[in-house]
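Per my numbering: the sequence shown ends with 356, consecutive numbering throughout.
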Amino acid sequence: MAAYVISEVEVRDQAAMEAYRALAAKTIAQYDGRYLVRGGQVELLEGGPPPNAIVIAEFPTMARLKEWYASSEYAEALKLRASALERRLLLVEGVLTP
259 MAAYVISEVE VRDQAAMEAY RALAAKTIAQ YDGRYLVRGG QVELLEGGPP PNAIVIAEFP
319 TMARLKEWYA SSEYAEALKL RASALERRLL LVEGVLTP
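Here is the structure:
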C-alpha cells in the first residue's frame, strides 16, 4: 500500500532551501518515491493559519518511506533543513480502493 510524506513548509533561507531541495529530490527518487505536489499556490478553505507551501511525495510502502527518512543519504539533506526551512512533516498511509 502506498504511503505519503506531507510537508507544510515555510522557507527560512532561499539558498539553503535550494540546496536542501536538490538533495532531498535525489534521495526521494533513490528510495522509489516521487513528488505528487511540490510547491504551487495554496488556497486555504478551512482552519488556519495557511501554510506557505505544501510538498507531497508518494512511496510504494510505509516501510520504504521510513527507510528513506532514516537513510544516510537523506541525513545529508537534513543537515541543511534547520537553516533552510521550518516545517510540519506528516507520514500518511494510503487507502486501498476496490
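Note that CB positions come from ideal geometry on N, CA and C, so glycine has one too.
Nothing here was measured: the structure is a model prediction, and the numbers come from that model.
In the DSSP assignment, find the unbroken beta strand (DSSP E) run with residue i in it and report its ends.
i	result
Leu294	292-296
Can you tell me where the alpha helix (DSSP H) with residue i in it begins and where it stops?
i	result
Ser265	First-last for Ser265: 261-269, but that is the beta strand (DSSP E), not the alpha helix (DSSP H).
Leu336	330-342
Thr285	272-288
Where DSSP assigns a beta bridge to residue i, which residues make up the other side?
i	result
Leu348	Ile264
Val313	Ser265, Arg296
Does the Cβ of residue i have 16 or more other Cβ atoms within 10 Å, making it buried, or fewer, making it exposed?
i	result
Thr285	buried
Leu303	exposed
Do the CB positions of residue i and residue j come within less than 8 Å of each other?
i	j	result
Leu281	Leu338	yes
Taking one C-beta from the segment 315-324 and one from the segment 284-293 each time, how about it: are there three or more such pairs within less than 8 Å? yes
Report yes or no: do three or more beta-carbon pairs, one from the segment 262-270 and one from the segment 300-314, lie closer than 8 Å? yes
Can we say the segment 270-279 touches the segment 328-345, given the rule of at least three CB pairs closer than 8 Å? yes
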